[in-house]
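Trainee: Using our numbering, the first residue of the sequence shown is number 1, and each one after it goes up by one.
Yeah, the Cβ is synthetic: ideal placement off N, Cα and C, and Gly gets one too.
The structure under discussion is supplied below as C-alpha cells; questions concerning it will follow.
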Amino acid sequence: MEQGQKDEAGRGEGSLAPEALSGELLEHVLAAARAECERLGVRASIAVVDTAGALAAFLRLPGAFLISTELAIDKAWTAAGFSLSTRGLGDMLAGAEDSVRDGLLRRPRLTVVPGGIPILQGAHCLGAIGVSGGSAQEDEQIAAAGLQQAGTG
C-alpha cells in the first residue's frame, strides 16, 4: 500500500483496527446457525454482537422460548467482552477465588451458560455469537456452525 492510500475497509497504512462485522458476514452467520438449528430440530434465538457488545444481528426462530431472546444476547455479550467462549469463562472461573467468581457472576448480563463464542480475526475480537434454546451442547454446536460455515470459526 502506497503512503496515504487506504485499504478496502477505509483504514490508512499501519492501522491495527480489525475489520468491522459486515452485513454480509452477519447474514452468513445467521443463515448457517439457522440451518444448524433446523438440522438439529432446535428452536433457538441467535444473537450477534459487535466488539463493543452492541447487538448487530438477531433471529428468534418460531417456537423459541421467550427467555432465550435475552439469554442469547447475554451469551454473545459475555463472549465478546472476554474474547472467550462462555463455557471457557465458566471453566476459568471454576478455579478462581470465590470473591472473584461470585463478584463477576453477579454482574448484569454476564453469563457462563454455554452457547456464546467470540468471532475472532487473528488476535482481534470482532464480536460474538450467542445461541439459546437447546441444550448447552446444542447451543454451542449451533454457534460454532454459524462461525465455521461463514468462514470465521
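1. Per the contact definition of three or more C-beta pairs closer than 8 Å, is the stretch 24-31 in contact with the stretch 87-104?
2. By DSSP, does S132 sit in helix, in strand, or in coil?
3. Have a look at the DSSP bridge pairing and note the partners of L84.
4. Can you check DSSP and say which residues form a bridge with H124?
5. Can you give the beta carbon distance from A44 to L55, rounded, assuming they're within the 8 Å contact cut?
6. Along the chain, where does the beta strand (DSSP E) that runs through A57 open and close?
7. Quickly, what does DSSP pair A46 with across the bridge? List them, please.
8. Taking S171 as part of the alpha helix (DSSP H), name the residues at either end of that continuous run.
9. Closest by CA to I73, which one among R109, A123, V29 and A20?
Mentor: Taking the structure as given:
1. Flag = no, the stretch 87-104 and the stretch 24-31 do not touch.
2. Under the three-state reduction of DSSP output, S132 falls in the strand class.
3. According to DSSP, which records beta bridges pairwise, L84 is partnered with nothing at all.
4. In DSSP, H124 forms a bridge with Q121.
5. Cβ-Cβ separation between A44 and L55: approximately 16 Å, too far for a contact (criterion under 8 Å).
6. DSSP places A57 in the uninterrupted beta strand (DSSP E) bounded by L55 to R60.
7. For clarity, residue 46 is Ile in the given sequence; the question names Ala instead. For I46, the beta-bridge partners assigned by DSSP are L59 and V131.
8. Since the first residue of the chain shown is 1 and the last is 153, residue 171 is not available in this structure.
9. Its Cα nearest to that of I73, the residue R109 stands out among R109, A123, V29 and A20.
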